[in-house]
Amino acid sequence: MDDVTPAAVPEAAADKRELIRRRVIEAAADLLAREGRDAVTTRAVAAAAGVQPPAIYRHFADMDGLLDAVAEHGYARFLAAKHAAPAADDPIEDLRAGWDLAVEFGLSNPELYALMYGEPRRGTTSAAFQAGMRILVERIHRLAAGGRLRVDERLAANLIHATARGAVLTWLSLPEDQRDPALLTAMRESMVTAVTNDKPAVQGSGLPAAARALRAVLPEQTTLSSAEQHLLGEWLGRLAGSDRHDATARPPE
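Just so you know, full-length UniProt numbering puts 171 at position 171 of the sequence shown, and the rest follows in order with no gaps.
What follows is the structure, encoded as structure tokens:
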């Protein structure tokens, strides 16, 4: 008689459900890559995954739920590519490399990228998407700590993400004979110019840049109490953004 514990039965069933779920997601992702989004139908995915069509609805509420799962699968692949890429010594070159990696992923996986980024908020709550954004935030924090950041960290993150996303989606929308690599280079360098300084800004007299650099390393200090650190962080945040308000803050001459 087989020695099977009661707990092993539901565990085995859960493993089987997860296996089928992964198989369905991978089948849908493969259909998407080979034949485009219109090919990702319930019947086609079920046939490719080797399951009956009702099985899809037992794992996903509807086809939109399946597409969300495929997008999450894409974010996980993108995250793996980010982890595999070594960090450059120069933080600005590291920023360029990260931007290039994001664009290359999109150009290599056009249908998947369009699903991931072509619709607002699809998959953006997934753990893989959030982990990928944390890598971007770490790159930006490194720039800020070295006094190389021209704008505040949140604005920098939005600019970097928006330019990479826009570059890929614009490229994919163009006829092939109009796809000029100079477009991608120009967009990347425009982004770099918008968010970084050529030299550490803290060497100069710019108060906002100095505030950004100090704010970036503030969490590492242990001298201040949490209340003092919070208050100083708030003050530095105001100073870091003061260069955007100087024109309106100055009294008329």
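For glycine and all other residues, C-beta sits at the position ideal for the given N, C-alpha and C.
Residues in its own chain within less than 7 Å of Ala240 by CB, not counting five upstream and five downstream?
-> Asp152, Pro208, Ala211, Arg212, Arg215
DSSP-derived helix/strand/coil call for residue 262 = One cannot answer for residue 262 here, as it falls past the ends of the chain, which runs 1 to 253.
Residue from Gly166, Glu35, His141 whose Cα sits closest to the Cα of Arg154 | His141
So is Ser205 buried or exposed if we call it buried at 16+ other beta carbons inside 10 Å?
-> Note on Ser205: pLDDT 44, under 50, position unreliable in the model; the coordinate value appears next. That one is exposed.
Roughly how many whole angstroms lie between the Cα atoms of Gly123 and His59?
-> 17 Å
Using DSSP with H/G/I as helix, E/B as strand and the rest coil, what is Leu232?
-> helix
Quick one: Cα of Ala156 to Cα of Val195, how far?
-> 6 Å
Give the secondary structure of Leu149 by DSSP, where H, G and I count as helix, E and B as strand, and everything else as coil.
-> strand
Taking the alpha-carbon positions, what's the Arg37 to Gly65 distance?
-> 14 Å
Please go through the same chain and pick out, in chain order, the residues whose beta-carbon is closer than 7 Å to the beta-carbon of Ala71, but skip the five residues on each side of it.
-> Leu115, Met116, Arg122, Gly123
For Thr196, which of helix, strand or coil comes out of DSSP?
-> strand
Hey, out of Glu176, Arg150, Thr185, whose CA is closest to Gly166's CA?
-> Thr185
Between Ile160 and Lys82, which are expected to be in contact by the criterion C-beta below 8 Å, what is the C-beta distance as a whole number of angstroms?
-> The Cβ separation is near 13 Å, so there is no contact.
Could you give the DSSP three-state label for Ala179: helix, strand or coil?
-> Just to set this straight, residue 179 is Arg in the shown sequence, not Ala. Arg179 falls in the coil class under three-state DSSP.
Buried versus exposed, by CB contacts within 10 Å (16 or more), Gly147 | buried
Length of the line joining the Cα atoms of Leu107 and Ser225 | 48 Å
Using beta-carbon positions only, say whether Ala69 and Ile25 come within less than 9 Å of one another.
-> yes
Please report the residue range of the alpha helix (DSSP H) in which Val103 lies.
-> 91-108
Candidates Thr193, Val168, Ala44, Phe78, of which the one nearest Pro181 by Cα | Val168
Please classify Ala88: does DSSP put it in a helix, a strand, or coil?
-> coil
Take the Cβ of Pro91 as the centre, count every other Cβ of all protein chains shown within 10 Å, and call the residue buried at 16 or more, exposed below.
-> buried
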